[in-house]
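The block underneath contains the structure these notes are about, expressed in structure tokens.
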Amino acid sequence: MPRILILGANGQLARNTVPFLLEQPNVELILFLRRAKRISNPDPARVRIVEGDVLDQAVLEAAMQGQDVVYANLAGAIAEQARVIIAAMQATGLKRLIFISSMGIYGEVPGEKYRSVLDPYRDSAALIEASDLDYTILRPGWFTRDKSVSYQLTQKGEAFRGHDVSLNSLSDLIVKLALDPALHRRSSLGVSTK
Ligand SMILES: NC(=O)c1ccc[n+]([C@@H]2O[C@H](COP(=O)([O-])OP(=O)(O)OC[C@H]3O[C@@H](n4cnc5c(N)ncnc54)[C@H](OP(=O)(O)O)[C@@H]3O)[C@@H](O)[C@H]2O)c1
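Counting with our numbering, you get residues 2 to 195 for the letters of the sequence shown.
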């Protein structure tokens, strides 16, 4: 029965993924976000909403109490966010982290450089990879609203294939990762439409 803390719960991909997670009968969620009044609780028996900023380590540690999985769906100062998340997980004894990043952080997309715009994503991945957490970093292509679930994975060190991926594909993968702590443990995966 995984208890999953979703950081950045008002993000586009997080909002897409919550219904996928709630299809699983035994999953419980905390939706962690700034300005919580923006969302309504989809299932009060299994979902709690917590208002907070990820950069506030004390608030984050309080939200992590009793959780099994941290699913980080963040943007912005993502390296600093990763640093605080890692510290809070270490302080609370949590191991499993699913972290949404981006394609291109290792220069793995043929013909694309992405340069400094991805520096915070590179830095956050390096911090996570250097930690002792059971992380899975997802490096998606551009999100699409295509309803289908169809994706291929590439490992770190492999060239990225394709350029986009449906939100539903990512949500499907996130559910699998949240339910199985060993799945793609300590991996950084490119995700694109098959
Ligand atoms: N869109 C694409 O095609 C694409 C492709 C590849 C990778 N990505 C990356 O995938 C990630 C997820 O995408 P998305 O579309 O779901 O992102 P999004 O809609 O921009 O959501 C990111 C969320 O992070 C939250 N956040 C930022 N700083 C925070 C903080 N200090 N404390 C708490 N929450 C904070 C934001 O909260 P507020 O609402 O409060 O600002 C926002 O809801 C992003 O990093 C994005 O760059 C996107």
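Ideal Cβ placement from N, Cα and C applies to all residues, glycine included.
Per DSSP, reduced to three states, the secondary structure at Leu178 is helical. Using a Cβ distance threshold of 8 Å, Val192 and Gly112 do not count as a contacting pair.
DSSP, reduced to helix, strand and coil, places Glu62 within a helical segment of the structure shown. Residue burial annotation: Arg187 is exposed, with fewer than 16 other C-beta atoms found within 10 angstroms of its C-beta. The Cβ atoms of Ile129 and Leu178 lie no closer than 8 Å to each other. Of Met90, Ala37 and Ala126, the smallest CA-CA separation from Ala80 is found for Ala126.
In this structure, Gly108 has its beta carbon at no less than 7 Å from each heavy atom of ligand 1. In the structure shown, Pro20 falls within a helical segment according to DSSP collapsed to helix, strand and coil. In the DSSP assignment, Val48 falls within the beta strand (DSSP E) that extends over Val48 to Glu52. Here the region 47-65 makes no contact with the region 160-168; the two share fewer than three CB pairs at distances below 8 Å. In the displayed model, Pro141 falls within a strand according to three-state DSSP. Restricting attention to Asp135, Gln153 and Ala160, the CA atom closest to the CA of Leu184 is found in Asp135.
Nearest in C-alpha terms to Arg35, of all of Leu75, Gln25 and Arg47, is Leu75. In the three-state scheme derived from DSSP, where H, G and I count as helix and E and B as strand, Ser125 is classed as helix.
One alpha carbon belongs to Arg4, the other to Ile40, and they sit about 20 Å apart.
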